[in-house]
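Worksheet: one structure, shown below.
Protein chains: 4
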Amino acid sequence: MKALVYHGPQTKALDDMPKPVLREATDAIVRITKTTLCVTDLHILKGDVRTVSEGRILGHEGIGVIEEAGTGVSRFHIGDRVLISCITACGMCEYCRRGMCSHCEKGGWILGNTIDGTQAEFVRIPWADTSLHPIPEEADEEAMVMLSDILPTGYECGVLNGCVKPGDTVAIVGAGPVGLAALLTAQFYAPANIIMIDLDDHRLDVAKRLGATRLINSSDGKAVEKAMAMTSGRGVDVAIEAVGVPGTFDICQGIIAPGGHIANVGVHGESVPLHLERLWSQNITITTRLVDAVTTPLLLKTVLSGRLQPRQLITHRFPLSEIMSAYDTFGNAARERALKVIVTSE
Amino acid sequence: MKALVYHGPQTKALDDMPKPVLREATDAIVRITKTTLCVTDLHILKGDVRTVSEGRILGHEGIGVIEEAGTGVSRFHIGDRVLISCITACGMCEYCRRGMCSHCEKGGWILGNTIDGTQAEFVRIPWADTSLHPIPEEADEEAMVMLSDILPTGYECGVLNGCVKPGDTVAIVGAGPVGLAALLTAQFYAPANIIMIDLDDHRLDVAKRLGATRLINSSDGKAVEKAMAMTSGRGVDVAIEAVGVPGTFDICQGIIAPGGHIANVGVHGESVPLHLERLWSQNITITTRLVDAVTTPLLLKTVLSGRLQPRQLITHRFPLSEIMSAYDTFGNAARERALKVIVTSE
Amino acid sequence: MKALVYHGPQTKALDDMPKPVLREATDAIVRITKTTLCVTDLHILKGDVRTVSEGRILGHEGIGVIEEAGTGVSRFHIGDRVLISCITACGMCEYCRRGMCSHCEKGGWILGNTIDGTQAEFVRIPWADTSLHPIPEEADEEAMVMLSDILPTGYECGVLNGCVKPGDTVAIVGAGPVGLAALLTAQFYAPANIIMIDLDDHRLDVAKRLGATRLINSSDGKAVEKAMAMTSGRGVDVAIEAVGVPGTFDICQGIIAPGGHIANVGVHGESVPLHLERLWSQNITITTRLVDAVTTPLLLKTVLSGRLQPRQLITHRFPLSEIMSAYDTFGNAARERALKVIVTSE
Amino acid sequence: MKALVYHGPQTKALDDMPKPVLREATDAIVRITKTTLCVTDLHILKGDVRTVSEGRILGHEGIGVIEEAGTGVSRFHIGDRVLISCITACGMCEYCRRGMCSHCEKGGWILGNTIDGTQAEFVRIPWADTSLHPIPEEADEEAMVMLSDILPTGYECGVLNGCVKPGDTVAIVGAGPVGLAALLTAQFYAPANIIMIDLDDHRLDVAKRLGATRLINSSDGKAVEKAMAMTSGRGVDVAIEAVGVPGTFDICQGIIAPGGHIANVGVHGESVPLHLERLWSQNITITTRLVDAVTTPLLLKTVLSGRLQPRQLITHRFPLSEIMSAYDTFGNAARERALKVIVTSE
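Same order as they appear, the protein sequences are chains A, B, C and D. This note's numbering puts the first residue of the first sequence at 1, with every later residue one more than the last. This note's numbering puts the first residue of the second sequence at 1, with every later residue one more than the last. This note's numbering puts the first residue of the third sequence at 1, with every later residue one more than the last. This note's numbering puts the first residue of the fourth sequence at 1, with every later residue one more than the last.
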């Protein structure tokens with residue numbers, strides 16, 4: 001089968017690979033119909049993710065059809081349409097029981113990381129019963145792909161951890177796909193204001209269209225002053241960090257109101273100075289989270305009811321045979337004005 | 001001054017009454033600019049509320065201007081525009097500290113009940129610092145009147161107690177003003193479906209306009225069957241009772257899904273059979289609540305940001321001199337298609 | 001094998017029955033080492049539980065050793081010591097994901113109800129990976145049996161649903177095994193007072209020994225007056241109903257303070273009058289729950305650390321061959337001063 | 001009157017000062033009967049707290065008797081015994097309404113900081129109705145002094161923010177008075193293990209006596225390794241930082257389990273490196289908090305019921321005339337084996 005394979009830093013290829021086979025009774029093989037690319041894939045290709053070895057098929061998002069199911073799989077049958085969660089969950093370990101499947105003792109984020117992923121014609125999904133979701137007949141397939149990772153990430157790590165509530169002033173730092181996913185799902189809770197902060201005016205325009213009430217282009221280094229001015233010096237109730245560098249985390253520290261929540265979503269490569277000399281008395285809460293993908297059923301309901309419209313995040317579409325071009329486009333997201341890119345099987 | 005006075009069951013008059021004076025250092029006198037009528041006022045006029053004695057000025061909602069303030073009042077000054085909470089809160093008793101101001105040891109619902117109320121040119125407000133809210137300059141005054149009672153009631157007793165969350169299916173039984181306030185504020189939380197249940201098609205039409213996704217006219221006694229059919233036999237996640245009679249509470253018991261919440265808002269005059277022989281194992285939660293009005297600042301933010309538009313609940317306007325006609329209209333709400341009625345000082 | 005079999009109302013026998021076999025890949029066969037009797041078993045024997053058919057092996061509690069495991073079972077192996085949960089959980093349905101395994105679409109309370117149970121030499125456990133718990137080496141076996149049902153029931157349905165918190169005054173109505181389990185676990189939260197209410201002085205003495213601070217013998221019908229006097233007329237913060245008849249639920253309604261929680265634990269056979277004419281304004285919360293047994297891992301930690309000592313609930317021990325006598329003793333609990341009865345394999 | 005006055009860094013004296021007088025209608029004058037010293041007072045004396053000007057009477061804890069009350073004070077009368085909260089709360093601003101009185105717009109921590117404090121014969125308490133608590137007749141006076149600051153601080157900033165729950169493993173870094181207050185109140189929630197970490201063996205011994213289950217002397221720089229070994233490499237569920245330097249915060253980061261809570265209690269003078277490069281994916285929560293003192297009524301109930309025994313924290317007693325010696329003792333806490341020091345009026 002065709003698959004996008006990582007061959008070490010800066011190197012990838014669309015290779016012929018053997019079709020995956022069942023290994024455990026609880027596995028399923030899924031024929032991929034649609035997948036997508038994630039910023040994490042770009043990090044892997046830079047060589048930043050040590051757990052990914054050469055020869056690995058990338059990808060942890062997608063939808064497809066059950067091709068084969070192990071004897072221990074009871075919830076899915078051949079031919080069922082399924083949504084693949086970016087988080088593989090055994091459903092029985094202490095962490096899964098606590099709803100913290102990101103730290104599943106046997107799963108977690110393994111697809112396209114420590115086992116082969118979804119940017120291929122077929123993928124093996126361990127613990128299929130608890131790592132796949134049935135796709136209802138009336139569901140839009142492209143919207144479903146957004147539920148594999150990006151929407152639960154923005155929602156769980158940003159919005160839920162940030163405790164967004166009606167009337168709040170929320171700032172989201174970073175208007176990339178995950179920041180926009182947080183923007184869409186923050187609106188579930190009727191905040192009074194959502195301030196979007198980014199370096200790119202195009203992305204800020206998109207954010208405005210998707211519901212941001214105020215925009216800050218932070219390229220002049222004055223995001224904190226601007227946000228404080230917008231809030232009459234009070235600061236924001238919730239600051240969602242969706243970039244992953246010290247500077248953006250620092251903006252969050254600078255604009256958070258007493259009693260506020262800083263919800264970190266970004267993947268960080270280095271430590272950041274935490275200003276406890278000022279914050280120790282500010283009654284703030286800082287959270288980190290790898291998405292647990294436990295809210296996918298809830299998000300699915302909001303998509304089916306029309307309250308959430310994730311197609312708004314999709315800008316480009318490619319067949320699997322052109323996935324190398326898809327990477328070019330996604331890798332130059334600013335220039336290409338790319339957000340999420342759908343890759344479709346032929 | 002002119003005031004609407006209760007003279008015993010079925011009897012009321014617009015009388016000349018003495019202007020109120022400060023009694024305690026923590027009192028303020030407010031000149032009323034707008035007030036409104038509440039279903040509770042109709043109950044009082046029927047003689048159903050024993051705590052109201054003859055000669056009482058009715059009314060527990062309204063906005064106005066500080067006319068006079070006691071020496072212990074520090075937050076408000078003469079000329080300030082204020083929103084009067086239907087709940088008078090001392091701010092220091094055990095219940096106020098817990099945010100349960102409805103049971104304030106010195107206050108609670110006393111306006112137009114055990115002390116004179118707001119359907120008058122002036123009103124004395126005890127514990128003014130904690131029972132009034134400042135009105136921001138840009139605020140729409142009619143919208144503010146809706147924040148005295150009806151919106152916090154629908155929101156606190158119905159939506160918050162019912163724990164409405166994204167993707168939920170919510171049923172609201174009773175499309176009167178309070179049910180509609182619950183309908184408006186339930187939408188803060190992006191439920192997938194809101195089923196409105198009432199006997200009156202006009203009110204159901206209003207509900208549809210205000211965001212209900214499904215309507216049930218329950219006059220045929222088949223509300224339970226219909227709601228169960230709409231939810232594929234599963235029932236609703238949240239049932240909000242906004243009427244106050246056994247039959248409507250019974251609908252809630254009949255349609256609640258396992259794990260669901262029944263939030264009682266209605267004022268009941270008799271006990272209702274609780275079907276524990278079936279519900280004991282259904283993991284449900286039933287709540288009751290007299291509004292605490294602790295969410296008024298939050299609701300104010302949602303109004304100022306435009307997320308909540310309470311003017312939609314206002315159907316009629318009268319000057320104080322015609323408050324007797326206002327009562328006629330409000331007392332025949334179905335025929336007059338009346339929801340909330342604004343009464344304005346001249 | 002030997003097993004206690006239900007032969008219709010009032011009739012049971014210790015019969016020779018075929019040893020259970022694996023049916024699904026996710027099943028395990030457990031050799032029972034210790035089991036116990038539950039009040040629910042007595043209800044079944046009265047013919048009150050319609051879902052139990054003649055020929056059914058009773059029992060939903062116990063510990064044992066894995067005798068055989070299906071190919072889909074990954075967490076347990078032959079020879080592992082296991083604790084059997086009274087709730088069978090598939091771990092993948094909507095209810096299991098929400099932590100409401102009592103309503104598992106494929107499981108729930110089925111052991112000794114719709115499938116054969118644990119009062120036998122062997123039992124088949126469906127969904128073994130999510131319905132069994134490993135027993136740590138150092139654990140006391142008799143204590144473990146108490147974790148199958150009674151302790152999670154008292155804790156989840158009574159203490160957690162009742163939201164017991166430090167400084168609270170808690171009343172528990174019913175000092176049977178489940179009420180005592182609530183008493184033991186309520187003490188996790190440092191309530192200031194725990195008032196135990198029962199008809200039996202012996203059980204009240206036991207309650208005192210297990211931590212109750214005040215006792216009320218309710219046989220004179222004056223429990224409400226007494227509890228109100230003990231709380232200076234204020235009522236209790238939490239009332240736990242652990243009997244299941246209208247009279248005891250009524251005591252809870254009579255003694256609950258404004259803002260309080262009534263947590264129903266009892267199994268009710270008929271509806272009860274809910275006094276909404278008084279309670280509608282009292283800001284109370286009433287909960288019902290069939291135990292989900294999701295707190296068993298937490299409870300296990302408290303047992304291992306010595307904070308919880310469930311052996312205190314055990315009064316009698318019998319070998320399986322004398323389980324008919326065990327039923328006699330347990331069925332005459334008051335006379336025999338029986339709480340929990342351990343039945344041991346030979 | 002006699003009062004302990006700050007005269008600039010390193011300088012203090014027991015001076016004759018004018019007796020305070022009422023300034024606002026909401027003030028009360030309290031005759032101090034018992035007060036105590038706080039580590040914060042030592043920080044002030046080092047010159048670390050910029051808001052404290054020369055000539056300020058120190059002290060923010062204590063109990064006393066109402067000497068005089070303004071016309072706006074309604075809850076207290078001359079002769080009433082009162083507990084002084086370290087946090088002055090107006091009770092009406094946005095922060096007070098949210099229960100975040102530490103950030104009261106007109107109060108907060110002002111006693112012995114921006115206004116004169118309690119280490120004197122008399123003190124003026126602004127917003128007396130919401131900043132004092134009545135002392136019940138049966139209460140032990142010395143225990144009450146511990147409720148002014150240290151117990152709410154350990155409980156709110158450490159235990160509540162840390163979300164301690166039954167079965168948890170908790171680490172407390174710092175066995176000074178506040179760390180010990182966290183230790184005492186953590187036991188409200190039946191954690192399985194409490195690991196106390198400090199440099200001083202005497203303090204660790206005290207911690208053991210007060211309920212710590214494991215002790216780590218961190219003077220060898222191996223606290224992280226030791227705590228990880230004690231938890232089989234898993235880490236702790238809750239880490240409470242009760243020192244206020246980068247090294248101790250770093251221990252917390254090193255030992256926190258995935259999904260865990262780091263509750264900062266310590267007052268920090270510099271920023272600390274936050275290891276987001278590792279923690280971004282660990283689903284942890286970090287909180288900071290200046291005590292709000294909103295739990296004093298709850299703590300009072302636990303003291304009256306005997307569940308909490310704060311006298312255990314008191315090691316020394318002095319009359320006010322010897323407060324300079326009290327400071328000597330408290331300032332050499334390790335050598336003097338001092339925890340809390342009671343200062344009594346003659």
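Glycine included, each C-beta is placed from N, C-alpha and C at the ideal position.
Mind checking if residue i is an interface residue toward chain C, Cβ cutoff 8 Å exclusive?
i	result
D:R234	no
B:G266	yes
B:T288	yes
Flag residue i as yes if its beta-carbon sits less than 8 Å from any beta-carbon of chain A, otherwise no.
i	result
D:V5	no
B:S85	no
C:T26	yes
D:E61	no
D:T248	no
Could you tell me whether the Cβ of residue i comes closer than 8 Å to any Cβ of chain D?
i	result
B:T71	yes
B:S148	no
B:P136	no
A:G269	yes
Indicate whether at least one CB of chain B lies closer than 8 Å to the CB of residue i.
i	result
C:T285	yes
D:D129	yes
A:A192	yes
Below 8 Å on the Cβ atoms is my guess for residue i versus residue j; work out the distance and round it to an integer in Å.
i	j	result
C:M196	C:L313	That belief does not hold up - the Cβ atoms of C:M196 and C:L313 are roughly 14 Å apart, past 8 Å.
B:I63	B:D116	Contact flag wrong, Cβ pair sits at about 17 Å.
Using a cut-off of 7 Å between C-beta atoms, extract the partners of residue i located in chain B.
i	result
C:M228	Within chain B, no residue comes near C:M228; the closest Cβ sits about 16 Å away, beyond 7 Å.
Listing by chain order, which chain D residues have their CB less than 9 Å from the CB of residue i?
i	result
B:M92	S74, R75, G91, D129 and T130
C:P166	Y155, T185, F188, Y189, T295, L298, L299, K301, T302, R307 and L308
A:H103	P258, G259, S281, Q282 and N283
Mind checking residue i: buried by the 16 CB within 10 Å criterion, or exposed?
i	result
C:Q253	buried
D:M324	exposed
A:S74	buried
B:N264	buried
C:S218	buried
Just the chain B side, please: which residues come within less than 9 Å of residue i by C-beta, in chain order?
i	result
D:R97	G91, G99, T130, V294 and P297
C:P273	S271, V272, P273 and L274
Going along chain D, which residues have a C-beta under 8 Å from residue i?
i	result
C:N161	Near C:N161 there are no residues of chain D at all, since even the closest Cβ is about 15 Å away, more than 8 Å.
List, in order along the chain, the chain A residues whose C-beta lies closer than 8 Å to that of residue i?
i	result
D:T40	Residues of chain A passing the Cβ test: none, with the nearest at roughly 11 Å.
Against residue i, what residues of chain D qualify as contacts under a CB-to-CB distance less than 7 Å, listed in chain order?
i	result
A:E322	Result: empty, since nearest Cβ-Cβ is about 32 Å, beyond 7 Å.
Inset, instruction - Would you check if there are 3 or more beta carbon pairs closer than 8 Å linking the region 261-277 of chain D to the region 196-210 of chain D? - result: no
Inset, instruction - Kindly confirm or deny that the region 152-168 of chain C and the region 213-233 of chain C touch, where touching means at least three C-beta pairs closer than 8 Å. - result: no
Legend entry - the region 236-255 of chain B / the region 162-178 of chain B touching (three or more Cβ pairs under 8 Å): yes
Inset, instruction - Decide if the region 102-109 of chain A is in contact with the region 79-87 of chain A; the criterion is three or more beta carbon pairs, one per stretch, under 8 Å apart. - result: yes
Inset, instruction - Could you tell me whether the region 14-28 of chain D touches the region 123-131 of chain D, where touching means 3 or more Cβ pairs closer than 8 Å? - result: yes
Inset, instruction - Count the CB pairs spanning the region 32-48 of chain C and the region 334-344 of chain C that are closer than 8 Å, and state whether there are at least three. - result: yes
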